[in-house]
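**Student:**
In the numbering used here, the protein residues as written are 101 to 621.
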């Protein structure tokens, strides 16, 4: 991989990002490495001075390690003797130059992208499973949980961000292409657009699943309008748009899609009985059938002529319960048929999918049923708890949850609101407190809880909270352990502290109960 000074100049000018430049030598000079981390700079490198925590010492370190060019929003004396590109937005510049450096790997992949307050990960996993059936496992995945850039075990690793920094994103895309991948399914967070991580990237198919207030706070979106605006950018940058017609703010969502996409390339989906919004035809319908506690069944039906033309329809089954998961599976079917999958491939691809930390379940002998789920905001918690209320015929629901520190501050009041709607008991505990005191976070959630309806216990030791909640349950009760899913760590004061995962803790508790043998499902 390589990038010349001349190419950098042309790209930055083309996108009106270049304010000034200082070139020390030949414009044909080529950089053979790129980095935004001074610790990873290699000789003959291009270095990006980015981020609120950037310090000029980082540029000095990069120069000492052999960087010959830097990109920044202002000139730095520490960069004397280096080539310099001074730009209006360093994050946008990095995304464009990263794509060029890695020789535009997105052009060699069929990319399906998902955004939404809830359902991105589940939909992405469902889609990858179908496309793996179609492509013989040549489908990459960039998700909140995993990054998969090839078919081998060492080409699958844990994600640190839902949508990574642009340099990492295009690096991994290039790795996927070099490893023989032909398709990519990726989650795109609102932060990815707020921070310009995907600036200039176009998707073959873009999904808008839903929107509820989230990620609003001092370190994230300043307000809901900004959050919605960032979410909508995925549709603006997609060749084909697919929208859940049941989403809140549907008029704004549909209007965003039409700004760059012909209506013939916009598809809507919804439940069987959902009324058409603003007389816009719904293309695909999903009808849920009676499910048991560990499997869902539904029918997928194309309705409009353009939907029927794909020839994909029929009955489907899932290992994940929940009508909201059936909606996510419907999205996956649509994305896959747009990529060329047929009915058999979509059915086979879906029927055995399991997702770490999503609706994992176990039965506690002498106590209740336990569900572990990543539900971590109002939308996902509302969907989960309302489903369990319907499925179990209004059981007692005991919830174990916390809220992360340093972000998503609005979730705390939202958690109180959803607990007031559905929970009988809650154990407030620790969940990635970051640099905040977990006791303060729990107290903030507690302030919004109606103590006339919900019994509150604060237990900051998360394993003990899970233990106590299970032991407090009786047969017929439901224990929901929410928020962390399959995360094997707690984020505490900048350190990823090892944590066994919620499901491991649940099974440890169950194993200590009488007659636990054979109880797990």
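Positions of the beta carbon are idealized from the N, C-alpha and C atoms, including for glycine.
Near residue 568, what residues of its chain come up, given a Cβ to Cβ distance below 8 Å and the 5 sequence neighbours on each side ignored?
**Tutor:** Contacts found: 527, 557, 559.
**Student:** Give me the Cα-Cα distance between residue 222 and residue 229, rounded to the nearest whole angstrom.
**Tutor:** C-alpha separation (whole angstroms): 11 Å.
**Student:** Quick one: what's got a C-beta closer than 7 Å to residue 349's C-beta in the same chain, skipping five residues either side?
**Tutor:** For residue 349, where only same-chain residues beyond five positions count, the Cβ hits under 7 Å are 311, 328.
**Student:** Using 8 Å for Cβ pairs, my map puts residue 303 next to residue 184. What's the rounded Cβ distance?
**Tutor:** Not quite, the Cβ-Cβ distance comes to about 33 Å (not below 8 Å), so this is no contact.
**Student:** In the DSSP assignment, find the beta strand (DSSP E) that holds residue 239 and state where it starts and stops.
**Tutor:** Unbroken beta strand (DSSP E) run through residue 239: 239-242.
**Student:** Buried or exposed: where does residue 477 fall if 16 or more other Cβ atoms within 10 Å of its Cβ makes it buried?
**Tutor:** By the 10 Å Cβ count, residue 477 comes out buried.
**Student:** Counting C-beta neighbours from all protein chains within 10 Å, is the total for residue 149 16 or more, i.e. buried, or is it exposed?
**Tutor:** Buried.
**Student:** Could you check the C-alpha separation between residue 267 and residue 198 for me, to the nearest Å?
**Tutor:** Whole-angstrom Cα-Cα distance: 5 Å.
**Student:** Hey, is residue 430's beta-carbon within less than 8 Å of any beta-carbon in chain C?
**Tutor:** The chain labelled as chain C is not found in the depicted structure, where only one protein chain is given.
**Student:** Please work out which residues of its chain come closer than 7 Å, Cβ to Cβ, to residue 538, disregarding the five sequence neighbours upstream and downstream, and give them in chain order.
**Tutor:** Closer than 7 Å at Cβ, skipping near neighbours: 502, 530, 560.
**Student:** Any contact of the stretch 173-191 with the stretch 281-289, i.e. 3+ C-beta pairs under 8 Å?
**Tutor:** No, the stretch 173-191 does not touch the stretch 281-289.
**Student:** Can you name the start and end residues of the beta strand (DSSP E) that residue 527 belongs to?
**Tutor:** Counting along the chain, the beta strand (DSSP E) containing residue 527 begins and ends at 525-528.
**Student:** Got a sec? Which residues, its chain only, sit under 6 Å from residue 614 by beta carbon, not counting five neighbours each side?
**Tutor:** Nothing listed; no residue qualifies.
**Student:** Residue range of the beta strand (DSSP E) that residue 473 falls in?
**Tutor:** Element bounds for residue 473: 469-473.
**Student:** Per DSSP, what kind of secondary structure is residue 618 in: helix, strand or coil?
**Tutor:** Reliability of the predicted coordinates at residue 618 is poor, the pLDDT of 45 falling under 50, and the value obtained from them is presented with this limitation in mind. Coil, per DSSP.
**Student:** So, at 6 Å on beta carbons, what are the nonlocal neighbours of residue 399 in its own chain, with the 5 sequence-adjacent residues on each side left out?
**Tutor:** Excluding positions up to five away in sequence, the list reads 387, 415.
**Student:** Alpha helix (DSSP H) containing residue 387: first to last residue?
**Tutor:** It is not in any alpha helix (DSSP H) - residue 387 instead sits in the beta strand (DSSP E) that spans 384-389.
**Student:** Under 8 Å by Cβ, that's how I've got residue 609 and residue 578 pegged, so tell me the actual separation to the nearest angstrom.
**Tutor:** Contact doesn't hold; Cβ gap of about 15 Å is too wide.
**Student:** Please return the same chain residues whose Cβ sits closer than 8 Å to the Cβ of residue 103, not counting the five positions on each side in sequence.
**Tutor:** Counting only Cβ-Cβ distances below 8 Å, and skipping sequence neighbours, we find 130, 131, 134, 146, 197, 200, 201.
**Student:** For the alpha helix (DSSP H) containing residue 538, name the first residue and the last one.
**Tutor:** 538-547 is the extent of the alpha helix (DSSP H) around residue 538.
**Student:** In the DSSP assignment, the beta strand (DSSP E) including residue 370 goes from what residue to what residue?
**Tutor:** Its beta strand (DSSP E) spans residues 366-371.
**Student:** Check whether the stretch 362-372 and the stretch 228-247 touch, using three or more Cβ-Cβ pairs below 8 Å as the test.
**Tutor:** As far as the Cβ criterion goes, the stretch 362-372 does not touch the stretch 228-247, which means the pair count is below three.
**Student:** Select from 234, 540, 275 the residue whose C-alpha is nearest the C-alpha of residue 250.
**Tutor:** The candidate whose alpha carbon is nearest that of residue 250 is 275.
**Student:** Rounded to whole angstroms, what is the Cα-Cα separation between residue 112 and residue 118?
**Tutor:** Looking at the two C-alpha atoms, the distance is approximately 5 Å.
**Student:** Thinking C-beta only, is residue 481 closer than 8 Å to residue 453?
**Tutor:** The answer is no: Cβ separation not under 8 Å.
**Student:** Which ranges would you report for the alpha helix (DSSP H) in the stretch 117-182 if only whole runs of at least 4 residues count?
**Tutor:** If we require 4 residues or more, the alpha helix (DSSP H) runs fully inside the stretch 117-182 come out as 156-164.
**Student:** So, with DSSP's three-state summary, where would you put residue 441?
**Tutor:** Residue state, collapsed to three classes: coil.
**Student:** Counting only the same chain and skipping the five closest in sequence on each side, list residues whose C-beta sits under 6 Å from that of residue 341.
**Tutor:** Excluding positions up to five away in sequence, the list reads 306, 335, 357, 361, 366.
**Student:** Give me the residue from 234, 115, 204 with the minimum Cα distance to residue 441.
**Tutor:** Residue 234 is the option with its Cα nearest to residue 441.
**Student:** State the Cα-Cα distance for the pair residue 479 and residue 217, rounded to the nearest angstrom.
**Tutor:** When rounded, the distance between both Cα atoms is 7 Å.
**Student:** Please name the residue, chosen from 536, 525, 486, that lies closest to residue 506 on a Cα-to-Cα basis.
**Tutor:** Of 536, 525, 486, the residue nearest in Cα terms is 536.
**Student:** Quick one: grab the DSSP three-state call for residue 414.
**Tutor:** Here residue 414 sits in strand by DSSP.
**Student:** How would you label residue 127, buried or exposed, when you count the other beta carbons within 10 angstroms and need 16 or more for buried?
**Tutor:** Exposed, because fewer than 16 other Cβ atoms sit within 10 Å of the Cβ of residue 127.
**Student:** In three-state terms, what does DSSP make of residue 226?
**Tutor:** If DSSP states are grouped into helix, strand and coil, residue 226 belongs with the helices.
**Student:** Per DSSP, which one or two residues make a beta bridge with residue 402?
**Tutor:** DSSP lists 384 as partners of residue 402.
**Student:** Assuming residue 417 and residue 448 form a contact by the criterion Cβ under 8 Å, report the distance between their Cβ atoms to the nearest whole angstrom.
**Tutor:** About 11 Å; that fails the 8 Å criterion.
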